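Inspection log for the structure reproduced underneath, given as structure tokens.
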Amino acid sequence: MLNVGKIEEGFVLDHIQAGKSMDIYEHLGLDKMDCTVAIIKNARSKIMGKKDILKVECDIETLDLDVLAFIDHNITINVIKNGEIVEKRVLALPKEVRNVIRCHNPRCITSIEQGLPHIFVLADEEKEIYRCKYCEEKYSGKEFRK
Amino acid sequence: MRHLMSPLDFSVEELDQLFDLASDIEHTPEKYAHTCEGKILATCFYEPSTRTRLSFESAMTRLGGKVIGFADANSSSAAKGESVSDTIRVVSCYADICAMRHPKEGAPMVAATKSLIPVINAGDGGHQHPTQTLTDLMTIRSLNGKLGDFTIGLCGDLKFGRTVHSLINALVRYEGIRFVFISPQELRVPDYITDMLCEKGIPYTEEIRLETVMPDLDLLYMTRVQKERFFNEEDYVRLKDFYILDKAKLSLAKENMLVLHPLPRVNEISVDVDEDPRAAYFKQAQYGVYVRMALILTLLGLAK
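From first to last, the protein sequence lines stand for chains H and E. If you count the first sequence from 1, you need to add 103 to reach my numbering. In terms of my numbering, the second sequence has 156 at position 169, counting the first letter as 1, and numbering is strictly consecutive.
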């Protein structure tokens, strides 16, 4: 089994659905940040069978937790200081997400109006359904994890 | 400052106040003939519309105000590529209130976020048409006596008809309403609406033939069934007459049932029904003016 060393300062995103770590890497903008990132794919998991893990050496406050919760609120976040877990954060679905996904309704005003943010508002927490603020086009957070 | 984007923007109590005002306007129009003197309504219509635009213009004119605007995108700066955000900023300098119709869904909402004046959504694509819903509610309240405790049949294209979806969403806030959805299988009401009715415990039934349920209805809301919505010609030919209201079908209805239609009517209501006292669709257009007058006064803060 491959071993990746501990990080001293930063955070670990655990219980990422297997195969989705690169999507999360991109959505969180980690590709643009000057920090050490370890991407572990298909790690063994008692609960999930297989899972992905991201280890990131940077301040947790640089992370957009709303984006992460929208993508998958089952991910657990372990905050690391001096090599130890000092906090576990639980994610909740954000009430609103901005410019994370684009509205694909060709009849939506976002398709022609320049500079308009793509805003989705939580409409049904149980079913994880978001709707475009402008045209109410439905988007399920679950679709991302398919 | 308030805008109107969806019929649900107003609470039931606020709608009651609006309809009370519209009713007062209906009965004493002279009281309101000068209430908007010095005020200007901008009608920004990015796609053609006859009834809605004229209804707004009539409403403002009857209130003593003036109207400016454009009737299609080609005669506006949109043809030069101007954004909705920029247009409304400019219109805010020229007018006191704006009614906007746009083929893109959500355009009036974008306008509302940038506007310095109240914006009324006068129809945005297949999304919302709140003043039509307010008109429908006002008509039902005026002619039926109250909003609640009735069985309403909605007939025709229940899948794509935005007026129908909007009306259902508005009516579920009132007590004692039973829905009967009359449509071909291809055009049945979407699942999210029936799911919502189930969740709220609101009774509904679905039927294919209008005659079957006609005697049960207190109100019948007709919409057009378009040929192009069917998957095959055979089904269209087989079913099209089910959804045409004529004298024979109306003879099965209660004596005080009301027939509503958002108009324009093509052939889904036979012209020989027009003279029947139960035909309320032209009165509906009249109530549309009263309710728009009340809305303009309310959003301008001139309602007493």
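Note that the Cβ used here is the ideal one computed from N, Cα and C, for glycine as well. Only a predicted model underlies this, so the values are computations on that prediction, with no experimental measurement involved.
- Taking a beta-carbon distance threshold of 8 Å, ASN202/H does not count as an interface residue toward chain E.
- DSSP assignment within the region 118 to 197 of chain E yields the following whole alpha helix (DSSP H) runs of 4 residues or more, N-terminal first: 149 to 158 and 178 to 187.
- In chain order, ARG40, ALA58 and ARG88 place their CB closer than 6 Å to the CB of PHE32/E, counting only its own chain and leaving out the 5 sequence neighbours on each side.
- Using a 10 angstroms sphere on the CB of ASP228/E, the tally of other CB atoms stays under 16, which defines it as exposed.
- GLY288/E counts as exposed, since fewer than 16 other beta carbons sit within 10 angstroms of its beta carbon.
- Relative to the Cα of ASP263/E, the nearest Cα in the group PRO202/E, VAL253/E and GLU242/E belongs to GLU242/E.
- Of all alpha-carbon atoms in MET136/H, LYS144/H and LEU196/H, the one lying nearest the alpha-carbon of ILE232/H is that of LEU196/H.
- Taking 8 Å as the cut-off, the beta carbon of TYR19/E is found no closer than this to the beta carbon of MET125/E.
- Boundaries of the alpha helix (DSSP H) around VAL224/E: 220 to 226.
- Here SER170/E has LEU145 as same chain residues with Cβ atoms under 6 Å from its own Cβ, once five neighbours each way along the sequence are excluded.
- Under the Cβ criterion (8 Å, minimum of three pairs), the region 48 to 64 of chain E counts as touching the region 19 to 28 of chain E.
- DSSP places GLN120/H in the uninterrupted beta strand (DSSP E) bounded by 113 to 120.
- Uninterrupted beta strand (DSSP E) stretches at least 3 residues long and entirely within the region 76 to 107 of chain E occur at 84 to 89, given in chain order.
- In this structure, the straight-line span from the alpha carbon of ILE231/E to that of HIS152/E is close to 20 Å.
- Residue environment for TYR179/E: exposed (fewer than 16 other C-beta atoms within 10 angstroms of its C-beta).
- A direct Cα-Cα distance of roughly 35 Å separates LEU2/E from GLY244/H.
- For THR39/E, the enclosing alpha helix (DSSP H) covers residues 38 to 49.
- Residue pairing of TYR233/H in beta bridges, as defined by DSSP: LEU225/H and TYR242/H.
- For ASP117/H, the CB contacts under 8 Å within the same chain, skipping 5 residues up- and downstream, are LYS154, ILE156, ILE178, THR179, ILE180 and ASN181 in chain order.
- Per DSSP, the continuous alpha helix (DSSP H) segment holding THR285/E begins and ends at 268 to 286.
- Beta-bridge annotation (DSSP): LEU(-9)/E is paired with ILE107/E.
- Here ALA281/E is buried. Its C-beta has 16 or more other C-beta atoms within 10 Å.
- Taking the C-beta atoms as reference points, GLU199/H is found nearer than 8 Å to LEU225/H.
- In this structure, the CA atom of LEU121/E is about 7 Å from the CA atom of PRO(-6)/E.
- With contacts defined as CB atoms closer than 8 Å, PRO251/E and THR150/E fail to qualify as a contacting pair.
- Residue state for ASP205/E is assigned as coil, using DSSP reduced to three classes.
- Under the three-state reduction of DSSP output, LEU247/E falls in the strand class.
- VAL182/H has PHE114/H and GLU190/H as its beta-bridge partners, per DSSP.
- Against chain E, the CB of LEU225/H has no partner CB under 8 Å away; the residue lies outside that interface.
- The Cβ-Cβ distance between ALA267/E and LEU247/E falls below 8 Å.
- For SER10/E, there is no enclosing beta strand (DSSP E); the enclosing alpha helix (DSSP H) has its first and last residue at -1 to 14.
- A contact is defined here as three or more CB-CB pairs under 8 Å, and the region 7 to 23 of chain E fails this definition with respect to the region 64 to 73 of chain E.
- ASN145/H carries a strand assignment under DSSP once its states are collapsed to helix, strand and coil.
- Contact between PHE218/E and TYR191/E is ruled out by a C-beta separation of about 25 Å, above the 8 Å threshold.
- Contact check for GLY51/E and CYS80/E: beta-carbon distance about 22 Å, past the 8 Å limit, so the pair fails to qualify.
- The straight-line gap separating the alpha-carbon atoms of ASN208/H and GLU69/E is approximately 21 Å.
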